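A.B. asks: Chains as they are written, first to last, in this note's numbering: chain B, 7 to 343; chain A, 2 to 308.
Glycine included, every Cβ here is placed at the ideal spot set by N, Cα and C.
The structure displayed is predicted, hence computed values, not measured ones.
If you scroll down you'll find the structure; I have some questions about it.
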Amino acid sequence: MYMSHRRKNRQFLRLLGLVVGGLLGSIVFAQGVGGGGYSWHDSFALFSPSTLSTIDRTILFHIRLPRIIIAVLVGGGLALGGAALQGMFHNPLVDPYVLGVSSGAALGAVVAMVSGIYFGLFTIPLFAFSGAVCTAFVVFRLGMVAKRIPLETLLLAGVAMGMFLSAFISLGMFLAGEDLHQIVFWTMGGLWGRGWMEVRMVVFPFLIGVPLLFSFTRELNAFLLGEKVAQSLGVDVEKVKKWLLLFVSLLVASCVAVSGVIGFVGLVVPHLLRLLGCEDHRFLLPLSFLVGGVVLLWADTLARTILNPVELPVGIVTSIIGAPFFIYLLRRKKREW
Amino acid sequence: MRRVLWGALGLVWCILVTFAGFTQEIVLQDDWGREVKLSAPLRRIISLSPSNTEIVFALGMEEFLVGVTSYCNYPPQTQKIEKVGNVTEVDVERVVALNPEVVLAGSLTPPEVVERLEKLGIPVFVLDPHNIEEVLEDIDKVAIIGGVEKRGQEMVQAMRAKIQAITDRISSLSEEEKPRVLHVLWHDPIWTAGKGTFIDEFIVKAGGVNAVSDLTGYVILDLEEVFRRNPEIITVVTSHGAEKVSYEFFLTDERLKVLRAVEAGKVFMVDSDLVSRPGPRVVEALSLFAQIVHPEIFDVYVPPQEE
Chain B
7 MYMSHRRKNR QFLRLLGLVV GGLLGSIVFA QGVGGGGYSW HDSFALFSPS
57 TLSTIDRTIL FHIRLPRIII AVLVGGGLAL GGAALQGMFH NPLVDPYVLG
107 VSSGAALGAV VAMVSGIYFG LFTIPLFAFS GAVCTAFVVF RLGMVAKRIP
157 LETLLLAGVA MGMFLSAFIS LGMFLAGEDL HQIVFWTMGG LWGRGWMEVR
207 MVVFPFLIGV PLLFSFTREL NAFLLGEKVA QSLGVDVEKV KKWLLLFVSL
257 LVASCVAVSG VIGFVGLVVP HLLRLLGCED HRFLLPLSFL VGGVVLLWAD
307 TLARTILNPV ELPVGIVTSI IGAPFFIYLL RRKKREW
Chain A
2 MRRVLWGALG LVWCILVTFA GFTQEIVLQD DWGREVKLSA PLRRIISLSP
52 SNTEIVFALG MEEFLVGVTS YCNYPPQTQK IEKVGNVTEV DVERVVALNP
102 EVVLAGSLTP PEVVERLEKL GIPVFVLDPH NIEEVLEDID KVAIIGGVEK
152 RGQEMVQAMR AKIQAITDRI SSLSEEEKPR VLHVLWHDPI WTAGKGTFID
202 EFIVKAGGVN AVSDLTGYVI LDLEEVFRRN PEIITVVTSH GAEKVSYEFF
252 LTDERLKVLR AVEAGKVFMV DSDLVSRPGP RVVEALSLFA QIVHPEIFDV
302 YVPPQEE
């Protein structure tokens, strides 16, 4: 039974309102979390910053707030990238790292760490971003057969490239010697110490990538019916694939560059939304972005709280929670069949 | 005739006794609690950690050292000695080929390497000290193994005297006069040394308070916590004065400018080899921390120069 168009739209708007409200609430809440506890004062200091001491102002506005924004952006970017790629590949097991972006970024970071190249605090993010973009480009070229991009070839090229680069990451770790801890920390994925500098770094790719991805909802919906049907509906399938891959790579590469490899957000969030009945990409993409942001924000708030004053890498938190949740979703889906 | 025979026999006996006196069976307990049977003095030694190598050199036993790790870089003469791997990856084949009489393993030597070498009939003695006192004991033990017991005792005595001289001079300080020190091993994330580490002992013995004394071991600290604790002094590890990314972070990141230590110019680079190796240079490391923590009592600290 199909719901009427208007009813569906209304339902989406209600859900959107709920998620936006949840996101804003989460931001205000997370702003109050610090030092292993919650403080109303910190939450509401957002609205009256002048009464604070210099140290408190730095903690709240130059450490906690930018970190919250980074968490929301990275979580949103990963989930949006995951949703777009899952739609395009017509495969629910695809995550935003399928093009080898994560191993490319990691290798870029490792090269910077092992070689000791350093020209400022943005050195490693820059290397990671370049590594990610180059890898995505190589995988894209490898996956191309006679000017077309068959999805299986692209997927396999991504997997093979990922393995190939992982070998070099391992080699880098082996050669790193006393720098080994840097690589280990980076690959665990963490938002530790992220500030406005990192927000500035990702904001440009997001301003381009997010609206452009949102503009592909009609094409992605056509992909749901299969590539051939999409073609017959007037979608230039090959062209759309190229653009989608480009924007997703750009978005995910900038996420990985500032956060390291954070797993499962990009895989689980779109899944969850689809299970909630959100198949239409006009709804799925914006909701993935917002829910992804909420999820990573909570995971990161947890990561900096549970062992306080010690901090956990958020990548560990998302994997510990995300993997069992993903299995649960799979099992539930199976039972429904 | 008979008298000559007895005389010869007596001579042989004397010789035997003399030689038996040279090599004596000893049993020593190592830092992993293993009873290791050795026939000291040993003349072919392999070291599996930079601090062990430093101990062997400091005791003047370097001519017996037939193998070291690729991380061993002090003193510079170690470069000429054959490498048997790095600290965590040991080339067992090469160790065996060098035919050592004892292998001095370290805290990072994998236990399975120790077991494999033991099975191959090579005695392994593990040096894994957890505080300065245990470093001194280990120096004594290595001296016994090398048959230079006396030299070892003299060295340990001299080290003890230097430590005593430092602790004596800070013993009269009140708690308020002891600045809080945060020691940073890496900045992204903030990786720091809590209780139970050598760093903690250096800071305390140098008349300071470890800013993370509530935590144990090497831990990742929430960046916010650095501001909340706002230590008076920050020490940042660098390797050989060349790699100082973490130090740069503390000097250039805008947010950190409000920290007391940054404001007062009390962020210091310290050489990672010097402060992380439990060897004969622990006294040097301690006096370095003493200079950083109390420059008004000890000399002013001069950070390592760039290469």
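Look up B/D242 in the DSSP assignment and say whether it is helix, strand or coil.
C.D. replies: The count along the first sequence starts at 1 and reaches residue 242 of chain B at position 236. Coil at B/D242, not helix or strand.
A.B. asks: How would you write the range of the alpha helix (DSSP H) that A/S40 sits in, first residue to last?
C.D. replies: Residue mapping note: residue 40 of chain A aligns to position 39 of the second sequence, counting from 1. Per DSSP, A/S40 belongs to no alpha helix (DSSP H); it is in the beta strand (DSSP E), E36 to A41.
A.B. asks: When the Cα atoms are used, what is the spatial distance from B/C140 to A/L66?
C.D. replies: Mapped onto the first sequence, residue 140 of chain B falls at position 134. Mapped onto the second sequence, residue 66 of chain A falls at position 65. Roughly 48 Å separates the two Cα atoms.
A.B. asks: Residues of the segment 56–68 of chain B with a CB closer than 7 Å to any CB of chain A: list them in chain order, please.
C.D. replies: Per Cβ criterion, the list reads T60, I61, T64, I65 and H68.
A.B. asks: Quick one: does A/G242 have its CB under 8 Å from some CB of chain B?
C.D. replies: One-based indexing of the second sequence puts residue 242 of chain A at position 241. Any answer about A/G242 is weak, because its pLDDT of 49 lies below 50 and its placement is not dependable; what the coordinates show is given next. Taking Cβ atoms only, chain B never reaches closer than 8 Å to A/G242, which makes this a no.
A.B. asks: Please name the residue, chosen from A/L118, A/V125 and A/A9, that lies closest to A/L39 on a Cα-to-Cα basis.
C.D. replies: Position 38 of the second sequence, counting from 1, holds the residue named residue 39 of chain A. Per the Cα distances, A/V125.
A.B. asks: From which residue to which residue does the beta strand (DSSP E) around A/W187 run?
C.D. replies: To locate residue 187 of chain A, count along the second sequence from 1; it is residue 186. Note, A/W187: beta strand (DSSP E), R181 to H188.
A.B. asks: Hey, quick one: how far does the alpha helix (DSSP H) through A/T54 stretch, first residue to last?
C.D. replies: The count along the second sequence starts at 1 and reaches residue 54 of chain A at position 53. Residues P51 to A59.
A.B. asks: Based on Cα-Cα distance, which residue from B/L282, B/L197 and B/P292 lies nearest to B/A218?
C.D. replies: As a position in the first sequence, residue 218 of chain B is number 212, starting the count at 1. Before going on, a small fix: residue 218 of chain B reads as Leu here, not Ala. Selected option, being the one with the closest Cα: B/P292.
A.B. asks: Can you tell which of B/D48, B/M94, B/A182 and B/I69 has its C-alpha closest to the C-alpha of B/F253?
C.D. replies: Here residue 253 of chain B is taken as the residue at index 247 of the first sequence, counted from 1. Looking at the Cα atoms, B/M94 is the closest of the given residues.
A.B. asks: Express the C-alpha separation of B/T324 and B/W192 in angstroms, rounding to a whole number.
C.D. replies: Translated into the one-based positions of the first sequence, residue 192 of chain B becomes position 186. Translated into the one-based positions of the first sequence, residue 324 of chain B becomes position 318. Roughly 15 Å separates the two Cα atoms.
A.B. asks: Skipping 5 residues on each side, what residues in its chain have a beta carbon closer than 6 Å to that of A/V149?
C.D. replies: In the second sequence, the residue the question calls residue 149 of chain A occupies position 148. Here the set comprises L60.
A.B. asks: Using only the alpha-carbon positions, how far apart do B/G272 and B/W202 sit?
C.D. replies: Position 266 of the first sequence, counted from the start, is the residue given in the question as residue 272 of chain B. Position 196 of the first sequence, counted from the start, is the residue given in the question as residue 202 of chain B. Cα to Cα, B/G272 sits roughly 24 Å from B/W202.
A.B. asks: Does the distance from the CB of B/L79 to the CB of B/V208 come in under 8 Å?
C.D. replies: As a position in the first sequence, residue 79 of chain B is number 73, starting the count at 1. As a position in the first sequence, residue 208 of chain B is number 202, starting the count at 1. A contact, by the Cβ cut-off of 8 Å.
A.B. asks: Would you call A/P76 buried or exposed, if buried means 16 or more other Cβ atoms sit within 10 Å of its Cβ?
C.D. replies: The residue labelled residue 76 of chain A in the question sits at position 75 within the second sequence. Exposed: under 16 other Cβ atoms inside 10 Å.
A.B. asks: Does A/T236 pass the burial test, meaning 16 or more other C-beta atoms within 10 Å, or should it be called exposed?
C.D. replies: What you label residue 236 of chain A is simply residue 235 of the second sequence in a count that begins at 1. Per the 10 Å Cβ criterion, buried.
A.B. asks: In terms of residue numbering, what span does the beta strand (DSSP E) encompassing A/F269 cover?
C.D. replies: On the second sequence, residue 269 of chain A is found 268 positions in, with the first residue counted as 1. V268 to D272 is the span of the beta strand (DSSP E), which, as asked, contains A/F269.
A.B. asks: Reducing DSSP to helix, strand and coil, say where A/K245 ends up.
C.D. replies: For the purposes of this step, residue 245 of chain A is identified with residue 244 of the second sequence, where counting begins at 1. If DSSP states are grouped into helix, strand and coil, A/K245 belongs with coil.
A.B. asks: Quick one: list the residues of chain E neighbouring A/D223, beta-carbon separation under 7 Å, in chain order.
C.D. replies: This model lacks chain E altogether, as its protein chains are B and A.
A.B. asks: If you measure from the beta carbon of B/L127 to each beta carbon in chain A, is any gap under 8 Å?
C.D. replies: Indexing the first sequence from 1 puts residue 127 of chain B at position 121. Cβ-Cβ to chain A under 8 Å: yes for B/L127.
A.B. asks: Taking Cβ-Cβ distances shorter than 8 Å, what residues in chain B pair up with A/D254?
C.D. replies: For this step, residue 254 of chain A is matched to residue 253 along the second sequence. Under the 8 Å cutoff, chain B gives L127 and G201.
A.B. asks: Which residues in the same chain have their Cβ closer than 7 Å to the Cβ of B/H287, if we skip the five residues on either side of it in sequence?
C.D. replies: Your numbering for residue 287 of chain B matches position 281 in the first sequence. The answer, listed in chain order, is G93, T223, L226 and N227.
A.B. asks: For A/K267 versus A/I234, is the C-beta distance shorter than 8 Å?
C.D. replies: Locating residue 267 of chain A in the second sequence gives position 266, where the first residue counts as 1. Locating residue 234 of chain A in the second sequence gives position 233, where the first residue counts as 1. Yes.
A.B. asks: What in chain B is Cβ-close to A/E176, meaning under 9 Å?
C.D. replies: In the second sequence, counting from the first residue as 1, residue 176 of chain A sits at position 175. Within 9 Å Cβ-Cβ: nothing; A/E176 doesn't reach chain B, min ~22 Å.
A.B. asks: Can you tell which of A/T198, A/L99 and A/N74 has the C-alpha that lies nearest to the C-alpha of A/V88?
C.D. replies: Sequence index remark: in the second sequence, residue 88 of chain A carries index 87 (1-based). The candidate whose alpha carbon is nearest that of A/V88 is A/N74.
A.B. asks: Could you pull the DSSP bridge partners for A/I191 from this structure?
C.D. replies: Sequence index remark: in the second sequence, residue 191 of chain A carries index 190 (1-based). For A/I191, which the question treats as bridged, DSSP gives the partners A/H188 and A/L222.
A.B. asks: Below 7 Å on C-beta distance, what does B/Q188 contact in chain A?
C.D. replies: In the first sequence, the residue the question calls residue 188 of chain B occupies position 182. Residues of chain A passing the Cβ test: W187.
A.B. asks: Measuring CB atoms only, is the segment 251–268 of chain B touching the segment 84–92 of chain B, in the sense that at least three cross pairs come out at less than 8 Å?
C.D. replies: Counting Cβ pairs under 8 Å, three or more are found: they touch.
A.B. asks: Enumerate in chain order the residues of its own chain whose CB-to-CB distance from B/T311 is below 7 Å, with the five nearest sequence positions on each side excluded.
C.D. replies: Taking the first residue of the first sequence as 1, we reach residue 311 of chain B at position 305. Cβ within range, chain order: V39 and G42.
A.B. asks: Just to confirm before moving on: does the CB-CB distance between A/D32 and A/V91 stay below 8 Å?
C.D. replies: Here residue 32 of chain A refers to the residue found at position 31 of the second sequence. Here residue 91 of chain A refers to the residue found at position 90 of the second sequence. Not a contact, by the Cβ cut-off of 8 Å.
A.B. asks: Do the segment 283–298 of chain A and the segment 256–265 of chain A meet, that is, are 3 or more Cβ pairs less than 8 Å apart?
C.D. replies: Touching, no, given that fewer than three Cβ pairs across the two stretches are closer than 8 Å.
A.B. asks: Inspect the beta-carbon positions of A/G147 and A/L43 and report whether they are closer than 8 Å.
C.D. replies: To locate residue 147 of chain A, count along the second sequence from 1; it is residue 146. To locate residue 43 of chain A, count along the second sequence from 1; it is residue 42. Taking 8 Å as the Cβ cut-off, A/G147 and A/L43 qualify as a contacting pair.
A.B. asks: Quick one: is A/R229 near chain B, going by C-beta distance under 8 Å?
C.D. replies: Taking the second sequence and counting its residues from 1, one reaches residue 229 of chain A at position 228. Chain B, which has a Cβ nearer than 8 Å to the Cβ of A/R229, makes this yes.
A.B. asks: Taking C-beta to C-beta, are A/S50 and A/G86 nearer than 8 Å?
C.D. replies: Working through the second sequence from its first residue, we reach residue 50 of chain A at position 49. Working through the second sequence from its first residue, we reach residue 86 of chain A at position 85. No, the Cβ-Cβ distance between A/S50 and A/G86 is not below 8 Å.
A.B. asks: Straight-line CA distance for A/S173 to B/A51?
C.D. replies: Your numbering for residue 173 of chain A matches position 172 in the second sequence. Your numbering for residue 51 of chain B matches position 45 in the first sequence. For A/S173 and B/A51, the distance between alpha carbons rounds to 44 Å.
A.B. asks: Hey, could you find the ends of the alpha helix (DSSP H) A/E264 is sitting in?
C.D. replies: For the purposes of this step, residue 264 of chain A is identified with residue 263 of the second sequence, where counting begins at 1. Here the alpha helix (DSSP H) through A/E264 covers R261 to E264.
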